[in-house]
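Numbering (our numbering), first residue to last: 293 to 681.
Structure record follows, encoded as structure tokens.
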Ligand code: CTP
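Spelled out as structure tokens, the structure:
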């Protein structure tokens, strides 16, 4: 076990953490808690810091300077320090849940109560960073669970209070390679995710898709609780590997994964599901269309570059990647960047009036360029100005 002073040093590796830790060092009762402490104890790189203050957090907020961009009546705030990224500063609190899945009622509490309100033991470890030497506090058994790789909730009502924790456990199990402790697994299987709002569940699904191995997270989520994902969603999508290999860096990997899994669902069902989860309409449509043939067929039968262009132009790159095949590859790797050498200005100068006809003539020039029937500006212009046959 590393000494606490070394853990504090390791926390400084979190993005923009050094200045924050320096500013908080003289303030009494300041602790970093949760993921960052868990990660340094595991010798992993910490991500963002979550700060807990025992008592009034005003002195900690003053020390950080900058602006508090949100706060509640207990002085909890999201702070944007003068330098560096936003971080959450929370007054130590205890929570009670008025109804399953509802947001908690909160009152000020001790650090120990604040640890006890959390999701799993390995996230309920705090390291003092201000007002005294670095020191660890934890809920009973937390470091032992960390050492043996166990995800354990702290009490039997944990998933009833907050079913989003089902998703959190699935994410941690996948990311950290941890096992779900048997009692926790039994509680998870009996929980009802339906008590949480769709948007909150949607947020968890989006976080799952950003993990290093999203498909693994989805499988673990379904294993934990069958109600987290629609039954008709497949988690062994046959096209996924090829589609991800085709997807260029400017494409959205999360949407390709979800769309590949959703190919077994009807488009209407996908739309209803993602609307319930408050997915942005553009993302929803990509996932729903990814499960359709409307791009795959014309792309597959296209036999010239111009035909490939007509099938793929304007279609989100994720859908083209999912369609797969040689033509999708050619579009993504070569053709999608090709533009005509001439512009609308050239055609206006040649006397073509503004309007749909001009667009059609430009498209003709592009087709000729793609198919090597027109090489160079002059040749493109000649094609564009030909009268319709
Ligand atoms: N937490 C919780 N229950 C939730 C959400 C958060 O108990 N539904 C607690 C956990 O102790 C967690 C901390 O709040 O460690 C911070 O939450 P978050 O930033 O979402 O997670 P991290 O711990 O930072 O973990 P990671 O970013 O690695 O997912």
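Here a beta-carbon is modelled for each residue, glycine too, at the ideal position from N, C-alpha and C.
Note that the coordinates shown come from a computational prediction; the quantities given were computed from them, not determined experimentally.
Handout entry: residue 466 (DSSP reduced to helix, strand or coil)
Key = helix
Handout entry: Where residue 359 falls: helix, strand or coil (DSSP)
Key = strand
Exercise for the section: Verify whether the separation of the beta carbon atoms of residue 415 and residue 330 is less than 9 Å. Expected result: yes
Handout entry: Distance between residue 624 and residue 609 (C-alpha atoms, nearest Å)
Key = 8 Å
Exercise for the section: Spell out a yes or no on whether the region 558-569 and the region 586-601 are touching, meaning 3 or more CB-CB pairs, one atom from each, closer than 8 Å. Expected result: Touching, no.
Exercise for the section: State the DSSP-derived secondary structure class of residue 664, mapped to helix, strand or coil. Expected result: coil
Practice task
Note down the Cα distance separating residue 499 from residue 562, rounded to an integer number of angstroms.
Solution key: 19 Å
Practice task
Note down, in chain order, each residue of its chain lying with its Cβ closer than 6 Å to the Cβ of residue 346, except the 5 sequence neighbours on either side.
Solution key: 321, 384 and 403
Practice task
Evaluate contact between the region 494-509 and the region 460-468, counting only Cβ atoms and requiring at least three cross-stretch pairs below 8 Å.
Solution key: At 8 Å Cβ cutoff, the stretches touch.
Exercise for the section: Name, in chain order, the residues that DSSP records as bridge partners for residue 417. Expected result: Beta-bridge pairing links residue 417 to 430.
Exercise for the section: Note down the Cα distance separating residue 482 from residue 293, rounded to an integer number of angstroms. Expected result: 36 Å
Problem - Cut-off 8 Å between Cβ atoms - residues of its own chain near residue 315, not counting five sequence neighbours on either side - result: 355, 356, 357 and 373
Problem - Range of the contiguous beta strand (DSSP E) that encloses residue 370 - result: 369-372
Handout entry: Local conformation of residue 406 per DSSP, three classes
Key = helix
Problem - Closest by C-alpha distance to residue 515, when choosing among 437, 620, 480 and 408 - result: 480
Handout entry: Proximity test, residue 683 beta-carbon vs the ligand CTP heavy atom, cut-off 8 Å
Key = This structure cannot settle anything about residue 683, because the visible part of the chain is limited to 293 through 681.
Handout entry: Distance, residue 389 Cα to residue 301 Cα
Key = 36 Å
Exercise for the section: Could you tell me whether any non-hydrogen atom of the ligand CTP is closer than 8 Å to the CB of residue 415? Expected result: yes
Handout entry: Integer-rounded CB distance, given that residue 429 should sit under 8 Å from residue 407
Key = 7 Å
Exercise for the section: Pick out whichever of 519, 588 and 560 has its Cα sitting closest to the Cα of residue 535. Expected result: 588
Practice task
Could you tell me the distance, in whole angstroms, from the CA atom of residue 319 to the CA atom of residue 423?
Solution key: Roughly 5 Å between the two C-alpha positions.
Practice task
Determine the DSSP secondary structure at residue 528, reduced to helix, strand or coil.
Solution key: coil
Exercise for the section: Note the first and the last residue of the continuous alpha helix (DSSP H) segment covering residue 313. Expected result: 309-316
Exercise for the section: Starting from the C-beta of residue 311, find all residues in its chain whose C-beta is less than 8 Å away, skip the five residues before and the five after it, and write them out in chain order. Expected result: 373, 375 and 376
Exercise for the section: Keeping to the same chain, check which residues put their C-beta closer than 7 Å to that of residue 579; ignore five residues upstream and five downstream. Expected result: 547, 550, 551, 554, 562 and 566
Handout entry: Sheet register partners of residue 399 (DSSP bridge)
Key = 386
Exercise for the section: Measure the alpha-carbon distance for residue 638 versus residue 657 and round it to whole angstroms. Expected result: Straight-line Cα distance between these residues: approximately 12 Å.
Practice task
Measure the Cβ-Cβ separation of residue 471 and residue 443 and say whether it is below 9 Å.
Solution key: yes
Practice task
Confirm the yes/no value for this check: CB of residue 328, any heavy atom of the ligand CTP, distance under 8 Å.
Solution key: yes
Problem - Rounded Cβ spacing between residue 334 and residue 438 (contact assumed at less than 8 Å) - result: 7 Å
Practice task
Please find out if some non-hydrogen atom of the ligand CTP comes closer than 8 Å to the beta-carbon of residue 444.
Solution key: Result no, Cβ not under 8 Å from the ligand CTP.
Practice task
Let me know the secondary structure DSSP gives residue 319 once reduced to three states.
Solution key: Three-state DSSP puts residue 319 in coil, outside helix and strand.
Exercise for the section: Just grab the DSSP bridge partners of residue 342 for me. Expected result: 325 and 380
Practice task
Just tell me which of 348, 599 and 297 has its CA closest to the CA of residue 369.
Solution key: Minimum Cα distance to residue 369 is reached at 348.
Exercise for the section: Buried or exposed for residue 297, please, with buried defined as at least 16 other CB atoms from any protein chain shown within 10 angstroms of its CB. Expected result: exposed
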